[in-house]
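Colleague: If you scroll down you'll find the structure; I have some questions about it.
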Amino acid sequence: MNNANDVSTELQPADLAKGAEPPAAAARVCQNCGTPLFGEHCHVCGQPVKGMIRPLSSMLHDVADTILNIDARIFRTLAPLYFRPGFLSNEYFAGRRVRYVTPFRLYFFLSVIAFFAAQLALSDVNMNNVIVSDSEIGSAQTAEAAIKAHDEYVSKLRKETGAGAGGIEAAIKNADKKLEQRIAYLQRVEEAKAKGLPPPIDTSEDSDDLAFNDVAWDAQKNPLRVSWLPAFANDRLNGAIGRMKENLPRIRKDPKPFLLGAFGMLPQVLFVLMPLFALLLKVFYIFKRRLYMEHLIVALHSHAFVFLSILLLTLAGLARGWASAAAPWLVLPLRLITIAMAWWLPIYLFLMQKKVYRQGWFFTTLKYAAIGICYTIMISLGIAVAFAVSLATTT
Numbered sequence: 346m347n348n349a350n351d352v353s354t355e356l357q358p359a360d361l362a363k364g365a366e367p368p369a370a371a372a373r374v375c376q377n378c379g380t381p382l383f384g385e386h387c388h389v390c391g392q393p394v395k396g397m398i399r400p401l402s403s404m405l406h407d408v409a410d411t412i413l414n415i416d417a418r419i420f421r422t423l424a425p426l427y428f429r430p431g432f433l434s435n436e437y438f439a440g441r442r443v444r445y446v447t448p449f450r451l452y453f454f455l456s457v458i459a460f461f462a463a464q465l466a467l468s469d470v471n472m473n474n475v476i477v478s479d480s481e482i483g484s485a486q487t488a489e490a491a492i493k494a495h496d497e498y499v500s501k502l503r504k505e506t507g508a509g510a511g512g513i514e515a516a517i518k519n520a521d522k523k524l525e526q527r528i529a530y531l532q533r534v535e536e537a538k539a540k541g542l543p544p545p546i547d548t549s550e551d552s553d554d555l556a557f558n559d560v561a562w563d564a565q566k567n568p569l570r571v572s573w574l575p576a577f578a579n580d581r582l583n584g585a586i587g588r589m590k591e592n593l594p595r596i597r598k599d600p601k602p603f604l605l606g607a608f609g610m611l612p613q614v615l616f617v618l619m620p621l622f623a624l625l626l627k628v629f630y631i632f633k634r635r636l637y638m639e640h641l642i643v644a645l646h647s648h649a650f651v652f653l654s655i656l657l658l659t660l661a662g663l664a665r666g667w668a669s670a671a672a673p674w675l676v677l678p679l680r681l682i683t684i685a686m687a688w689w690l691p692i693y694l695f696l697m698q699k700k701v702y703r704q705g706w707f708f709t710t711l712k713y714a715a716i717g718i719c720y721t722i723m724i725s726l727g728i729a730v731a732f733a734v735s736l737a738t739t740t
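When you line the sequence shown up against my numbering, it's residues 346 to 740, in that order.
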């Protein structure tokens, strides 16, 4: 039997029908400082309500949302990014930001997708016998091997290009000259051995020799030593040089692994160069008195457009490959679309620079050319470094 003094605190449906108020939910407080919460973060100490102690699926969802934030905004962002030069940057500067994907997330998302698709496409390309090369003549270790490589090259050249192809005689003459140079070098090597002298350094373009201070590199006898580097760093540096020397002959026979390795590092290279591109914009438009972060937004949107273009060009190339086998009538339209997209890339970047910085056509053209030359040099150096790293790390 219930005690008469006990009063139930639960409201029955009949009580709610009479207008009784439901009990108020317990107020949430910050577990760190005890302040009442009015959202998902404490307005005093900043601690979020969500912590690490929760299901893994919830954690992964938050990570994906933080990095990519791919929702309906992506569809409102990609179209103007590709078809309206400078629109997203100007919208961001005007304060209309929430309706579009943020610049860094857009950059990150498109760089991952574009280079992933491009690398998959390149991995299916057969690079064997794509280029008829005479490099084996210049790397032969004996005169007999050089003569054999020369004859095989000439035979292959005539077979691949046709006996009447323009320029074939010039290529053969170049191979004859390279054969003479190789035989002369091998004779100098024999003379040096006979006199007990170290072999001369091979300075030909096909040489696998690496030299420092006019002395051939050797891991034991003549390693590279950088005075300000510790011993372990110099050891790793010479190990990388050794792998580069071992890979030089391999790259002539099968360049694909090394090209894919260098291509895989391009996103990191561009990520490093992108702030430098923003710095170029800052220098060339210094009298516009814009903050560096504004130029960085322009750089992020510019690179995001380039990544989107790479993605679309890759898809167009894959579509052409499919059409050549399944629907030949589509090959020409797809080729024209590819050409149009390739031309749209530099035109877009020019129009974007014009619309964002609002200068006349003459100064925009002048600065666009100067910035393009500077950034092309920077990218070329970055690609060279990426290729050298690929050469030194591929096993």
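Each residue gets a CB set at the ideal place from its N, CA and C atoms; glycine is no exception. None of the values given here were measured: they were computed from a predicted structure.
What residues in its chain sit with their C-beta under 7 Å from that of phenylalanine 622, if we drop five residues either side in the sequence?
Modeller: Closer than 7 Å at Cβ, skipping near neighbours: Ala644, Tyr720.
Colleague: Three or more C-beta pairs closer than 8 Å, one from the stretch 534-546 and one from the stretch 516-524: is that the case here?
Modeller: At 8 Å Cβ cutoff, the stretches do not touch.
Colleague: Would you mind sorting leucine 677 into buried or exposed? The rule is 16 or more other CB atoms within 10 Å of its CB.
Modeller: Counting Cβ neighbours within 10 Å, leucine 677 comes out exposed, since fewer than 16 surround it.
Colleague: Can you give the Cα-Cα distance for serine 468 and alanine 649, rounded to whole angstroms?
Modeller: C-alpha separation (whole angstroms): 23 Å.
Colleague: Whose C-alpha, out of Ile642, Leu690, Arg635, Asn583, is nearest the C-alpha of phenylalanine 652?
Modeller: Out of Ile642, Leu690, Arg635, Asn583, Leu690 has the C-alpha closest to the C-alpha of phenylalanine 652.
Colleague: Report the rounded CA-to-CA distance for threonine 487 versus serine 654, giving the unit in angstroms.
Modeller: If I take the Cα positions, the gap works out to 49 Å.
Colleague: Can you tell me where the alpha helix (DSSP H) holding lysine 601 begins and where it ends?
Modeller: It spans 601-609 - the alpha helix (DSSP H) in which lysine 601 sits, taken as one unbroken run.
Colleague: In this structure, does DSSP put histidine 388 in helix, strand or coil?
Modeller: Coil, per DSSP.
Colleague: Would glycine 717 pass as a contact of alanine 466 if the rule is Cβ separation under 8 Å?
Modeller: Taking 8 Å as the Cβ cut-off, glycine 717 and alanine 466 do not qualify as a contacting pair.
Colleague: By DSSP's criteria, valine 374 is part of a beta bridge. Which residues make up the other side?
Modeller: Pro381.
Colleague: Report the residue from Ala685, Ala731, Thr740, Trp674 whose alpha carbon sits nearest the alpha carbon of phenylalanine 428.
Modeller: The shortest C-alpha separation from phenylalanine 428 is found at Ala685.
Colleague: Expressed to the nearest angstrom, what Euclidean distance is found between the alpha-carbon atoms of threonine 740 and phenylalanine 383?
Modeller: Using only the alpha carbons, I get a separation of about 57 Å.
Colleague: For lysine 633, which residues of its own chain have a beta-carbon under 7 Å away from its beta-carbon, when the five flanking residues on both sides are left out?
Modeller: Cβ within range, chain order: Tyr702.
Colleague: How would you label arginine 373, buried or exposed, when you count the other beta carbons within 10 angstroms and need 16 or more for buried?
Modeller: With fewer than 16 Cβ atoms within 10 Å of its Cβ, arginine 373 is classed as exposed.
Colleague: Looking only at C-alpha atoms, which of Arg442, Asn567, Leu582, Gly587 sits nearest to tryptophan 573?
Modeller: Checked all of Arg442, Asn567, Leu582, Gly587; the closest Cα to tryptophan 573 is Leu582.
Colleague: Beta-carbon within less than 8 Å of leucine 679's beta-carbon, same chain only, minus the 5 sequence neighbours each way: which residues are those?
Modeller: Ala661, Ala664, Arg665, Ala668.
Colleague: Need the endpoints of the alpha helix (DSSP H) that arginine 442 sits in, please.
Modeller: Where arginine 442 is concerned, there is no enclosing alpha helix (DSSP H), given that its DSSP letter is neither H nor E.
Colleague: Starting from threonine 709, trace the alpha helix (DSSP H) both ways and give me its first and last residue.
Modeller: Per DSSP, threonine 709 belongs to the alpha helix (DSSP H) from 706-738.
Colleague: Quick one: any contact between the stretch 487-496 and the stretch 524-533, if contact means 3 or more CB pairs under 8 Å?
Modeller: With the cut-off at 8 Å, the stretch 487-496 and the stretch 524-533 touch.
Colleague: For valine 457 and glutamate 497, what's the separation of their Cα atoms in angstroms?
Modeller: The alpha-carbon atoms of valine 457 and glutamate 497 are separated by roughly 43 Å.
Colleague: Tell me which same chain residues have a C-beta within less than 7 Å of the C-beta of arginine 418, skipping the five on either side of it?
Modeller: Counting only Cβ-Cβ distances below 7 Å, and skipping sequence neighbours, we find Arg444, Tyr445, Val446.
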